[in-house]
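Position 195 of the sequence shown, counted from 1, bears residue number 197 in the numbering used here, the numbering being contiguous throughout. Below: the structure, in structure tokens.
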Amino acid sequence: LKRGWSIAETPYPKKILRLPQVLSQEEVARLIDAAKFPFHRILLMTLYATGARRAEVAHLKISDIDSQRMVIHIRGGKGRKDRDVMLSPKLLDALRVYWRGLRHKPTHWLFPGNRWHTASYPVTTKVLWTACQNAAERAGLEHKHIHPHTLRHCFATHLLEAGADLRTIQMLLGHRDLEETTIYLHLSRRHLSATGSPLDALTIRGEGEQTQSA
Numbered sequence: 003l004k005r006g007w008s009i010a011e012t013p014y015p016k017k018i019l020r021l022p023q024v025l026s027q028e029e030v031a032r033l034i035d036a037a038k039f040p041f042h043r044i045l046l047m048t049l050y051a052t053g054a055r056r057a058e059v060a061h062l063k064i065s066d067i068d069s070q071r072m073v074i075h076i077r078g079g080k081g082r083k084d085r086d087v088m089l090s091p092k093l094l095d096a097l098r099v100y101w102r103g104l105r106h107k108p109t110h111w112l113f114p115g116n117r118w119h120t121a122s123y124p125v126t127t128k129v130l131w132t133a134c135q136n137a138a139e140r141a142g143l144e145h146k147h148i149h150p151h152t153l154r155h156c157f158a159t160h161l162l163e164a165g166a167d168l169r170t171i172q173m174l175l176g177h178r179d180l181e182e183t184t185i186y187l188h189l190s191r192r193h194l195s196a197t198g199s200p201l202d203a204l205t206i207r208g209e210g211e212q213t214q215s216a
């Protein structure tokens, strides 16, 4: 009890790595198709197409959509860092349909607040939560506990499965450290199936024969 001690030597419990929920591409399509309102649909499409955080999507400005370079500017992300993500042609078409359907064209925010989308402030992140929850229930996916960040995880995992490298995904997600991005290696079916078990390299006597108990 009288031994000296240092706080640096104090053991701390290890952080448990919990893998995030990821939907298949078919489930993401079901989720988007099940959106309760057209406005919810475009929010879900934007979340998945950009991999942006819910606050980043809510605060997108009209000027952030660069259809000439086919990029979307994400302003003031986590750590107050700006970045660019790809502008999907399919999302651009959907945004143009959304824009034509607005009675009052906004001048600043891409997704204005209030039910008529005419406010001088952006939509709240709660609306993005509601869009996810309503669509999940209508699509029969409520057991998946889907929230806006789920679509961010899907974006990264599906890119990795399609062959994108981790550095590119790190840049698109706005992660400071590559270690944050490596979690998606645990979720990628392509990387799991491409890695064989060491058991398959063994030659085992009696392989293929039915083992009888004594």
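Heads up, the beta-carbon is just placed ideally off N, CA and C, and yes, glycines get one too.
Report the rounded CA-to-CA distance for L93 versus R102, giving the unit in angstroms. Residue numbering aside, residue 93 sits at position 91 when the sequence shown is read from its first letter. Residue numbering aside, residue 102 sits at position 100 when the sequence shown is read from its first letter. In a straight line, the C-alpha of L93 is about 14 Å away from that of R102.
Mapping DSSP to helix, strand and coil, what is K63? Start at 1 with the first residue of the sequence shown, and residue 63 comes out as number 61. For K63, the secondary structure class from DSSP, reduced to helix, strand or coil, is strand.
Between the region 71-91 and the region 21-34, are three or more C-beta pairs nearer than 8 Å? No, the region 71-91 is not in contact with the region 21-34.
Mapping DSSP to helix, strand and coil, what is I34? Along the sequence shown, read from residue 1 onward, the residue named residue 34 stands at position 32. Secondary structure of I34 (DSSP, three-state): helix.
Per DSSP, what kind of secondary structure is D167 in: helix, strand or coil? Locating residue 167 in the sequence shown gives position 165, where the first residue counts as 1. Annotated three-state conformation of D167 is coil, per DSSP.
So what does DSSP say about M173, is it helix, strand or coil? In the sequence shown, counting from the first residue as 1, residue 173 sits at position 171. DSSP places M173 in the helix class (H, G or I) of the three-state scheme.
Look up M88 in the DSSP assignment and give the residues it is bridged to. In the sequence shown, counting from the first residue as 1, residue 88 sits at position 86. When beta bridges are read from the DSSP output, M88 appears opposite V73.
C-alpha gap between H119 and V99, whole angstroms: Stepping through the sequence shown from its first residue, residue 119 is reached at position 117. Stepping through the sequence shown from its first residue, residue 99 is reached at position 97. Going from the Cα of H119 to the Cα of V99 covers about 15 Å.
For R140 and K38, which I take to be in contact (beta-carbon distance under 8 Å), what is that distance rounded to the nearest angstrom? Position 138 of the sequence shown, counted from the start, is the residue given in the question as residue 140. Position 36 of the sequence shown, counted from the start, is the residue given in the question as residue 38. With a Cβ gap of about 7 Å, R140 and K38 count as contacting.
Cα-Cα, which of A54, L130, K83 is closest to F41? Here the question's residue 41 lines up with position 39 in the sequence shown. The residue with the shortest Cα to Cα distance from F41 is L130.
Measure from the alpha carbon of A164 to the alpha carbon of each residue in T126, V59, R178, L189, then state which is nearest. As a first step, residue 164 must be located in the sequence shown, where it is residue number 162. Ranking the options by Cα distance to A164, first place goes to L189.
What's the C-alpha gap between G78 and E181? The sequence position of residue 78 within the sequence shown is 76, counting from 1. The sequence position of residue 181 within the sequence shown is 179, counting from 1. Cα-Cα distance, rounded: 22 Å.
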